[in-house]
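If you count by numbering that gives the first Met the number 0, then the sequence shown holds residues 0 to 344, one letter each, in order. Note that beta-carbon positions come from the ideal geometry of N, C-alpha and C, so glycine has one too. What follows is one structure encoded as structure tokens, with my remarks underneath.
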Amino acid sequence: MKKKVAFFDTKPYDRRSFDAAEGSSEYEIEYFETRLTERSVALTKGFDAVCAFVNDEISATVIDKLYENGVRLIAMRCAGYNNVDVCHAVERIRIVRVPAYSPYAVAEHALALLMTLNRKIHRAHLRTRDSNFSIVGLVGVDMFGKTVGVIGAGKIGKIMTDILCGLGMNVLVYDKYQDQKWAESKGVRYASLDEIYAESQVITLHCPLTEESHHLVNKESIEKMRDGVMIINTSRGPLIDTKALIKGLKSGKIGAAGLDVYEEEADYFFEDYSEEIVTDDVLARLLTFNNVIVTSHQAFLTEEALANISRTTFSNMDTYFAGQHGPNEICGNCEDGNCVRHQNR
Ligand code: NAI
């Protein structure tokens, strides 16, 4: 009998790539548009697995209910799993993820935000659409020779580093774990966070959201940054204390911000609210700055990434239903000891 999988927070592009992926016919799939939450978890009765995404709320309560409903596998179709109570799931439900689907997609989106903000392309586009061909106020800087701080040099941060080196920028890297061989081969240097704050004209965030990295960009760290610094965040919203960011933008301390993620994004991102009023005053304020670009968690959204996500998700499910443990399991028998549970031991 085919295993039943409930997909949550499904959009037309998810459905298209999952239906087209090899392996999809092995499963009985039901696509739900709603996010997985304490309310919608009731829909999972009789399913063997759920497939979830970044803004699903997989709390202890949701996990208990999933278990009660017969679900034994949570297949995350993303890399991050900060929205899953992993420790609570241990011994109840197994969790798999897609650790890398296209680090290029995310790094290239971060670059797009950086370049758009610097050369004010978003403003120029609006002007020329309105037959305003003035270039007053659109002065940027050469990125060549400028210093950029990359915080978190894993798969995405390393590709971002390559791209920034290609622009001729001086790259400083901060990571909890250093890969000196890689740094030497790229001609980049590991630096402390304080050094990055003091020296960088651009800071780009590529570390995961953990207790330690929560509000990494806050009032105190912003004070240590260079005047006019540009901040790019394609990682997770809560890495930035948004109210502190807004204060920095208002005072001019922060020169620009490119945000693909936002602390309270779950209430808005991925949905069309164009017929309604945005009641989140913090988000609304962010959207008023002409030196801020907000994209709604779309850095991953390339054809290649979607194909990799669906292929890997089916392969993860195949491994689980064959009674095996695979390398993409977040916890349980993870092979590299790099899961949340092992790190917390
Ligand atoms: P990765 O696991 O390959 O790299 C993360 C790096 O951050 C590692 O080198 C790790 O040592 C480092 N790190 C961990 N804690 C840190 C801390 N407190 N301070 C500094 N560095 C720290 O992950 P990958 O694939 O590069 O992804 C990075 C993040 O990008 C993910 O955690 C996810 O939140 C985000 N992401 C966003 C997407 C989007 O569409 N906007 C899509 C995919 C990932």
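| Item | Value |
| --- | --- |
| Cβ-based neighbour list, valine 293, same chain, cut-off 7 Å, excluding 5 preceding and 5 following | Leu258, Tyr261, Leu285 and Leu286 |
| Straight-line Cα distance separating valine 85 from cysteine 206 | 19 Å |
| Host beta strand (DSSP E) of isoleucine 230 (start-end) | 228-232 |
| Proximity to serine 58 [Cα-Cα], best of Gly45, Ser39 and Glu264 | Ser39 |
| Alpha carbon of aspartate 18 to alpha carbon of serine 309, nearest angstrom | 9 Å |
| Helix, strand or coil at phenylalanine 299 according to DSSP, with G and I counted as helix | coil |
| Counted within 10 angstroms of its Cβ, other Cβ atoms place asparagine 327 as buried (16 or more) or exposed | buried |
| Reference proline 98, options Phe299, Asp317, Gln323 and Gly322, closest by Cα | Phe299 |
| Nearest-angstrom Cα separation, counted from arginine 128 out to aspartate 174 | 42 Å |
| Distance between glutamine 200 and tyrosine 80 (C-alpha atoms, nearest Å) | 30 Å |
| Which listed residue (Leu248, Ala74 and His108) has its alpha carbon closest to that of threonine 318 | Ala74 |
| Arginine 188, buried or exposed, once every other Cβ within 10 Å from all chains shown has been counted against 16 | exposed |
| Under the three-state DSSP convention, the category alanine 109 falls into | helix |
| Serine 184 to isoleucine 150 span [Cα, whole Å] | 18 Å |
| Within 9 Å, strictly: CB atoms of lysine 30 and phenylalanine 46 | The sequence shown places tyrosine at residue 30, not lysine. Not in contact: tyrosine 30 and phenylalanine 46 (Cβ atoms no closer than 9 Å). |
| Contacting residues, own chain, Cβ-Cβ under 8 Å from glutamate 21 (five flanking each side not counted) | Arg310 and Phe313 |
| beta-carbon threonine 209 near the ligand NAI non-hydrogen atom, thresh 8 Å | yes |
| Close-in-space but distant-in-sequence residues of the same chain around histidine 213 (CB under 6 Å, 5 per side omitted) | Pro237 |
| Closer than 8 Å: serine 234 CB and nearest the ligand NAI heavy atom | yes |
| Option in Asp279, Asp271 and Ala197 with minimal Cα separation from aspartate 226 | Ala197 |
| Beta-ladder partner(s) of isoleucine 292, from DSSP | Gly257 |
| Residues that DSSP places opposite glutamate 29 in a beta bridge | Ala5 |
| Residue from Arg126, Gly139, Glu222 and Arg76 with nearest C-alpha to serine 250 | Glu222 |
| For cysteine 77, three-class secondary structure by DSSP | coil |
| When Lys157, Asn289, Tyr100 and Leu248 are compared against glycine 186, the one with the closest alpha-carbon | Lys157 |
| Limits of the unbroken beta strand (DSSP E) element including glycine 148 | 146-150 |
| Chain-order list of residues whose beta-carbon lies under 6 Å from that of phenylalanine 268 (same chain, five-residue window excluded) | Ser295 and His296 |
| 8 Å contact criterion, which alanine 422 and alanine 51 should meet: CB distance rounded | Only positions 0 to 344 of the chain appear in this structure, which leaves residue 422 out of reach. |
| Where valine 61 falls: helix, strand or coil (DSSP) | helix |
| Same chain, Cβ closer than 8 Å to asparagine 169, five either side skipped, listed in chain order | Gly144, Lys145, Thr146 and Val147 |
| Closest by C-alpha distance to asparagine 289, when choosing among Val4, Val70 and Ile120 | Ile120 |
| Pairwise C-alpha distance: leucine 215 and threonine 209 | 10 Å |
| Pair within 9 Å by beta-carbon distance, threonine 43 and leucine 72 | no |
| Per-residue burial, aspartate 55 [other beta carbons within 10 Å of its own, 16 or more giving buried] | buried |
| Spatial distance of aspartate 63 from lysine 10 (CA atoms) | 26 Å |
| Continuous alpha helix (DSSP H) stretch holding isoleucine 221: start and end | 218-223 |
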